[in-house]
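**Student:**
There are 2 protein chains.
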Amino acid sequence: MTRRPRTSTSGIYTVAAEAGVSVMTVSRAMRGVEGVSAKKREAILQIARRLNYVPNSNARALSQTNADLIGISLPTLVNDVFADILDGMRGTFERAGYSTVIDTTEYDEARELRWVSRLLSWRPAALVLTGVHHHPDLKPMLRDAGIPTLETWDFAPDPIDICVGVDHRAAGAEVAAYVKGLGYRRPAFVGASPGTDPRADARAVGVGSVFDTPLLRPVLTHDNPFRVGAAGLRAALTEGEPDVIFFLNDLMAFGGLTAAEAAGRGVPGDLGIVGFNALGLNTVLPVRLTTVSTPRRQMGVMGARSLLARLNGVRGARATPLAVEVQPGGTTRLQAGA
Amino acid sequence: MTRRPRTSTSGIYTVAAEAGVSVMTVSRAMRGVEGVSAKKREAILQIARRLNYVPNSNARALSQTNADLIGISLPTLVNDVFADILDGMRGTFERAGYSTVIDTTEYDEARELRWVSRLLSWRPAALVLTGVHHHPDLKPMLRDAGIPTLETWDFAPDPIDICVGVDHRAAGAEVAAYVKGLGYRRPAFVGASPGTDPRADARAVGVGSVFDTPLLRPVLTHDNPFRVGAAGLRAALTEGEPDVIFFLNDLMAFGGLTAAEAAGRGVPGDLGIVGFNALGLNTVLPVRLTTVSTPRRQMGVMGARSLLARLNGVRGARATPLAVEVQPGGTTRLQAGA
DNA sequence: CTGTTAGCGCCTTCAG
DNA sequence: CTGAAGGCGCTAACAG
Numbered sequence: 005m006t007r008r009p010r011t012s013t014s015g016i017y018t019v020a021a022e023a024g025v026s027v028m029t030v031s032r033a034m035r036g037v038e039g040v041s042a043k044k045r046e047a048i049l050q051i052a053r054r055l056n057y058v059p060n061s062n063a064r065a066l067s068q069t070n071a072d073l074i075g076i077s078l079p080t081l082v083n084d085v086f087a088d089i090l091d092g093m094r095g096t097f098e099r100a101g102y103s104t105v106i107d108t109t110e111y112d113e114a115r116e117l118r119w120v121s122r123l124l125s126w127r128p129a130a131l132v133l134t135g136v137h138h139h140p141d142l143k144p145m146l147r148d149a150g151i152p153t154l155e156t157w158d159f160a161p162d163p164i165d166i167c168v169g170v171d172h173r174a175a176g177a178e179v180a181a182y183v184k185g186l187g188y189r190r191p192a193f194v195g196a197s198p199g200t201d202p203r204a205d206a207r208a209v210g211v212g213s214v215f216d217t218p219l220l221r222p223v224l225t226h227d228n229p230f231r232v233g234a235a236g237l238r239a240a241l242t243e244g245e246p247d248v249i250f251f252l253n254d255l256m257a258f259g260g261l262t263a264a265e266a267a268g269r270g271v272p273g274d275l276g277i278v279g280f281n282a283l284g285l286n287t288v289l290p291v292r293l294t295t296v297s298t299p300r301r302q303m304g305v306m307g308a309r310s311l312l313a314r315l316n317g318v319r320g321a322r323a324t325p326l327a328v329e330v331q332p333g334g335t336t337r338l339q340a341g342a
Numbered sequence: 005m006t007r008r009p010r011t012s013t014s015g016i017y018t019v020a021a022e023a024g025v026s027v028m029t030v031s032r033a034m035r036g037v038e039g040v041s042a043k044k045r046e047a048i049l050q051i052a053r054r055l056n057y058v059p060n061s062n063a064r065a066l067s068q069t070n071a072d073l074i075g076i077s078l079p080t081l082v083n084d085v086f087a088d089i090l091d092g093m094r095g096t097f098e099r100a101g102y103s104t105v106i107d108t109t110e111y112d113e114a115r116e117l118r119w120v121s122r123l124l125s126w127r128p129a130a131l132v133l134t135g136v137h138h139h140p141d142l143k144p145m146l147r148d149a150g151i152p153t154l155e156t157w158d159f160a161p162d163p164i165d166i167c168v169g170v171d172h173r174a175a176g177a178e179v180a181a182y183v184k185g186l187g188y189r190r191p192a193f194v195g196a197s198p199g200t201d202p203r204a205d206a207r208a209v210g211v212g213s214v215f216d217t218p219l220l221r222p223v224l225t226h227d228n229p230f231r232v233g234a235a236g237l238r239a240a241l242t243e244g245e246p247d248v249i250f251f252l253n254d255l256m257a258f259g260g261l262t263a264a265e266a267a268g269r270g271v272p273g274d275l276g277i278v279g280f281n282a283l284g285l286n287t288v289l290p291v292r293l294t295t296v297s298t299p300r301r302q303m304g305v306m307g308a309r310s311l312l313a314r315l316n317g318v319r320g321a322r323a324t325p326l327a328v329e330v331q332p333g334g335t336t337r338l339q340a341g342a
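Here the protein sequences line up with chains E and H, keeping their order.
Quick note, the first sequence lines up with residues 5 to 342 if you use my numbering.
Quick note, the second sequence lines up with residues 5 to 342 if you use my numbering.
Rendered as structure tokens:
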């Protein structure tokens with residue numbers, strides 16, 4: 005009774021029959037495992053090709069009880085930062101024989117949780133998450149599943165499992181100190197409404213910690229980074245009297261720059277403008293933005309390597325902080341009072 | 005003999021035992037399928053939660069002989085265009101109960117082929133490809149696998165299966181005609197070296213078809229779009245005497261614009277600059293780029309719907325062309341001779 | 001509404 | 001170096 009018996013469609017069995025060997029020999033040949041004579045292996049491979057044999061990864065994963073698969077969760081793809089990190093990561097994973105599956109959270113913890121939950125049903129070998137702030141149910145879920153997990157971009161000394169990232173609070177403080185040294189005194193921060201992006205919040209805290217005047221941080225609504233920057237600058241100038249504005253990234257800073265010029269504010273004299281991430285845009289601007297370069301690709305590669313090591317049972321540092329570098333530009337004064 | 009017998013880890017069996025029902029009842033309850041009393045279903049769901057039961061999708065896919073999975077192949081993620089298309093698409097697929105898996109080809113046909121081949125081993129329900137130019141082995145492979153396939157972004161009247169996209173040759177001709185009407189006569193095209201991006205090539209052909217002077221098209225190397233634009237403009241001015249330059253997208257056009265200003269060329273008087281895609285950048289520029297808006301999100305949604313319909317056995321139009329719209333800006337003259 | 005049975009395609013284990 | 005057998009976890013097909 006029941007379903008159609010093992011017919012021609014049956015993958016490995018067809019190949020085995022055609023080659024006059026057992027399925028195991030085919031299995032070994034296909035995987036390139038030892039235990040098959042070179043001659044037989046060649047013959048089998050050729051038959052498989054002729055028959056358009058496509059192995060069934062579901063069956064494989066089922067019999068192995070886990071798949072050669074790594075899930076990667078990113079906040080969004082509309083952002084060069086994550087594309088860079090991803091780029092460094094995927095190559096490394098794939099060269100190690102893993103497939104990767106990507107999802108975006110859109111900065112929503114609940115969404116991330118749901119995705120992880122669904123992904124776990126595929127029995128992945130490991131997981132990569134962005135940031136160190138997650139839904140409270142996530143950690144227990146991962147613990148239970150016993151899956152190696154890498155957290156990137158953000159840094160925390162006590163990650164779920166391992167972590168390779170940048171300390172955004174410290175990075176914010178670092179640029180802020182540089183800018184304060186230039187004589188600026190009244191800071192504002194533009195980018196991502198408070199509470200939506202943990203990295204933005206951390207950086208804002210870092211910036212604020214350096215100045216005596218409280219940090220001005222307008223609430224924003226737009227989604228396009230250029231417009232967020234422009235609208236954010238206008239809002240900041242309306243709500244207060246900042247003499248320097250820190251933007252979440254260079255695209256927003258550029259949007260802010262155009263708005264400052266339109267508003268007749270002198271940059272960097274009246275108003276300093278500071279970006280973040282040292283994006284490609286900055287390389288063509290007639291006046292370079294003062295910004296902070298972040299080791300995104302390196303982060304991807306290092307993170308991937310740490311995770312692979314962990315997968316192979318090697319135990320390294322749990323948390324690796326990466327350094328950033330302030331890139332002075334023409335949108336802040338060259339020296340104090342100048 | 006052989007492996008550990010069905011132990012506690014055994015998923016559905018544990019839940020069934022705990023609930024005092026058969027595995028089928030658990031299976032039905034978990035899937036929300038009819039045939040379980042509300043009371044039992046509730047009890048089962050609760051036990052499953054308590055036991056941290058995570059279904060095994062591999063087993064499910066194996067028993068169903070195909071997975072609720074749709075593969076999406078994009079050239080790159082470092083480009084808002086594909087992020088937009090993706091955005092429209094993923095939501096639609098997920099709401100229909102499908103998971104999506106993304107890969108990038110980096111404009112390499114062989115790489116796309118390899119990915120498709122690997123993906124097929126997971127027995128996906130459908131596939132989405134970017135463009136209509138693929139490795140010659142791809143079509144037979146898909147044919148053999150019998151998998152519904154959507155081609156997007158680009159348009160062709162005879163797709164592999166179904167197609168929703170923009171005719172880039174026609175789009176190029178459309179802007180070119182507009183610009184020619186403004187009095188420009190000697191065109192250049194900047195973006196993607198010939199032979200790397202089929203859409204770029206098609207658009208260049210479209211542009212060239214409108215003018216009497218042959219199209220100048222420098223070969224480029226940079227990867228950052230802003231720098232490609234700047235370097236491309238300089239190369240074009242070195243290699244010839246264009247009076248209007250069509251860029252592959254707005255980011256490149258902006259890079260070109262800054263280079264034109266640096267080179268002392270008057271825009272739009274001496275030189276017209278034309279972008280493509282109407283990206284967010286354009287909304288903050290003091291002088292808006294002349295560009296072409298493309299229905300990217302709509303394309304994603306429509307494409308996804310067509311594919312879902314096909315998956316449900318509905319047979320619609322095989323190929324759907326989408327219109328683009330020229331957006332006049334300040335980087336081309338307002339009217340002929342002005 | 002509920003349970004029994006067999007098999008999805010592959011791989012581990014054990015025997016030659 | 002090769003083969004036979006059973007199980008990975010789940011669900012379709014059939015009974016009750």
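A virtual CB, placed ideally from N, CA and C, is assigned to each residue, including glycine.
Using DSSP with H/G/I as helix, E/B as strand and the rest coil, what is D84/H?
**Tutor:** D84/H falls in the helix class under three-state DSSP.
**Student:** What does DSSP give as the partner residue(s) for S77/E in the beta ladder?
**Tutor:** D107/E
**Student:** Could you give the uninterrupted runs of the alpha helix (DSSP H) lying entirely in the segment 190-266 of chain H, keeping only those of 4 residues or more?
**Tutor:** 202-214, 229-243, 254-266
**Student:** I think T104/H touches F97/H, with their Cβ atoms under 8 Å apart; what is that distance to the nearest whole Å?
**Tutor:** 5 Å
**Student:** Buried or exposed, going by whether 16 or more other CB atoms sit within 10 Å of the CB of P218/E?
**Tutor:** exposed
**Student:** List the endpoints of the continuous beta strand (DSSP E) containing L154/H.
**Tutor:** It spans 153-158 - the beta strand (DSSP E) in which L154/H sits, taken as one unbroken run.
**Student:** Assuming contact is defined by CB atoms lying nearer than 8 Å, are L90/H and L78/H in contact in what I supplied?
**Tutor:** A contact, by the Cβ cut-off of 8 Å.
**Student:** Using beta-carbon positions only, say whether P290/H and T262/E come within less than 8 Å of one another.
**Tutor:** yes
**Student:** Taking the runs of the beta strand (DSSP E) that are 3 residues or longer, which of them lie wholly in the segment 295-327 of chain E?
**Tutor:** 295-297, 323-326
**Student:** My understanding is that R203/H touches D158/H, with C-beta atoms under 8 Å, so please give their C-beta distance in whole angstroms.
**Tutor:** 6 Å
**Student:** Within a Cβ cutoff of 6 Å, which residues of the same chain sit near A239/E, ignoring the five residues on either side of it in sequence?
**Tutor:** If the five residues before and after A239/E are omitted, its C-beta is found closer than 6 Å to the C-beta atoms of P222, all from its own chain and listed in chain order.
**Student:** Given a cut-off of 8 Å on the beta-carbon distance, is the pair V271/H and E178/H in contact?
**Tutor:** no
**Student:** Tell me which residue opens and which closes the beta strand (DSSP E) that G169/E is part of.
**Tutor:** 166-170
**Student:** Please tell me whether A175/H and V296/H are closer than 8 Å, where the distance is taken between their beta carbons.
**Tutor:** yes
**Student:** Is the shortest distance between the beta-carbon of F251/H and the beta-carbons of chain E less than 8 Å?
**Tutor:** no
**Student:** Measuring CB to CB, does G284/E end up less than 8 Å from N228/H?
**Tutor:** In contact: G284/E and N228/H (Cβ atoms closer than 8 Å).
**Student:** Can you tell which of M34/H, L55/H, R53/H, R54/H has its C-alpha closest to the C-alpha of R45/H?
**Tutor:** M34/H
**Student:** Sorted by chain position, which residues of the same chain lie with C-beta nearer than 8 Å to G260/E's C-beta, five sequence neighbours on each side aside?
**Tutor:** V194, G233, A234, G236, L237, I249, F251, I277
**Student:** Given that N56/E touches chain H, what residues does it touch there, using C-beta distances under 7 Å?
**Tutor:** D148
**Student:** Taking P229/H as the query, report the chain E residues whose CB atoms sit under 8 Å from its CB, ordered along the chain.
**Tutor:** Close to P229/H, with beta-carbon spacing below 8 Å, are these residues of chain E in chain order: G284.
**Student:** Is T217/H close to chain E, meaning its C-beta is less than 8 Å from at least one C-beta of that chain?
**Tutor:** Taking CB atoms only, T217/H has no neighbour in chain E less than 8 Å away.
**Student:** What's the call for G199/E, buried or exposed, on a 16-neighbour Cβ count within 10 Å?
**Tutor:** exposed
**Student:** Could you check the C-alpha separation between R231/E and L81/H for me, to the nearest Å?
**Tutor:** If I take the Cα positions, the gap works out to 21 Å.
**Student:** For R32/E, which residues of its own chain have a beta-carbon under 6 Å away from its beta-carbon, when the five flanking residues on both sides are left out?
**Tutor:** Only G39, V40 meet the Cβ criterion.
**Student:** Let me check one thing: in DSSP terms, what residues is L133/E bridge-paired to?
**Tutor:** E155/E
**Student:** Quick one: measure Cβ to Cβ for R122/E and N70/E, integer angstroms, because I've assumed they're closer than 8 Å.
**Tutor:** Contact between R122/E and N70/E is absent: CB atoms are separated by about 16 Å, not below the 8 Å threshold.
**Student:** Can you tell me which of the three DSSP states N62/H falls into?
**Tutor:** helix
**Student:** Quick one: does T343/H have its CB under 8 Å from some CB of chain E?
**Tutor:** Absent from the structure is residue 343/H, since the part of chain H shown begins at 5 and ends at 342.
**Student:** Near M5/E, which residues of its chain fall below 8 Å by C-beta distance, leaving aside the five closest residues on each side in sequence?
**Tutor:** Its pLDDT being 37, under 50, M5/E is placed unreliably in this model, and the coordinates cannot settle the point.
**Student:** DSSP on Q68/H, reduced to helix/strand/coil?
**Tutor:** Under the three-state reduction of DSSP, Q68/H is assigned to helix.
**Student:** Between L312/H and A20/H, how many whole angstroms is the CB-CB distance? I'm expecting something under 8 Å.
**Tutor:** Not quite, the Cβ-Cβ distance comes to about 34 Å (not below 8 Å), so this is no contact.
**Student:** List the residues of chain E that L66/H touches, going by C-beta distances under 9 Å, in chain order.
**Tutor:** N60, N62, A63, A65, L66
**Student:** In three-state DSSP terms, what is Q50/E?
**Tutor:** helix
**Student:** Within 8 Å of any Cβ in chain E, is that where the Cβ of L131/H sits?
**Tutor:** no
**Student:** With a CB to CB cut of under 8 Å and the five nearest residues on each side skipped, what residues in its chain are close to M256/E?
**Tutor:** V194, G195, P229, F230, V232, G233, G236, G279
**Student:** Counting only beta-carbon atoms, is V288/H nearer than 8 Å to chain E?
**Tutor:** yes
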